[in-house]
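In terms of this note's numbering, the sequence shown opens at residue 429 and continues consecutively. Scroll down for the structure; my scribbles are underneath it.
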Amino acid sequence: MIDLSHYVITYPLSVDTLWKLKKLGMGMIGYCVNRNCDHFGEIDLDRLMEKLGPEFRFVGDKTIARSLKCPVCGHKGGDVKLRANTGPSK
Ligand SMILES: [Zn+2]
429 MIDLSHYVIT YPLSVDTLWK LKKLGMGMIG YCVNRNCDHF GEIDLDRLME
479 KLGPEFRFVG DKTIARSLKC PVCGHKGGDV KLRANTGPSK
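Right under this line is the structure:
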């Protein structure tokens with residue numbers, strides 16, 4: 429687990445890096461693009477940050493989508509969508 433305690437959200441807010449997603453309680457959903465499968469699931473942000481770094485800018489990025497592999501059908505590559513913070517507010 430990467431320690432994000434020294435990362436601070438500043439305003440105006442632009443959610444463009446992985447650590448901001450994590451801090452804001454948001455997430456990423458990966459969608460399988462195999463139309464016969466349509467599997468989707470939450471992407472592990474901690475694992476992504478370990479691989480790409482917390483400062484990785486996902487805006488306009490295709491690296492994450494390309495590196496997705498569907499755990500159901502094994503299809504490589506997918507779509508990435510952001511998930512809003514749906515958890516209880518602190
Ligand atoms: Zn699939």
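Here a beta-carbon is modelled for each residue, glycine too, at the ideal position from N, C-alpha and C.
Please go through the same chain and pick out, in chain order, the residues whose beta-carbon is closer than 8 Å to the beta-carbon of residue i, but skip the five residues on each side of it.
| i | result |
| --- | --- |
| Ile437 | Lys448, Lys451 and Leu452 |
| Cys465 | Cys498, Val500, Cys501 and His503 |
| Asp431 | none |
| Leu476 | Leu446, Met456, Phe484 and Ile492 |
| Asp474 | Met429, Ile430 and Lys450 |
Within 8 Å: the Cβ of residue i and any heavy atom of ligand 1?
| i | result |
| --- | --- |
| His503 | yes |
| Asp507 | no |
| His434 | no |
| Val487 | no |
| Asp474 | no |
Please work out which residues of its chain come closer than 6 Å, Cβ to Cβ, to residue i, disregarding the five sequence neighbours upstream and downstream, and give them in chain order.
| i | result |
| --- | --- |
| Arg485 | Asp444 and Thr445 |
| Phe468 | Ile457 and Tyr459 |
Counting along the chain, where does the alpha helix (DSSP H) carrying residue i start and finish?
| i | result |
| --- | --- |
| Lys450 | Leu446 to Lys451 |
Over the uninterrupted beta strand (DSSP E) stretch that includes residue i, give me the two end residues.
| i | result |
| --- | --- |
| Tyr435 | From DSSP, Tyr435 is part of no beta strand (DSSP E); its letter is neither H nor E. |
| Val508 | Gly506 to Arg511 |
Which whole runs of the alpha helix (DSSP H) in the region 466-501 are 4 residues long or more, in chain order?
-> 473-480 and 491-495
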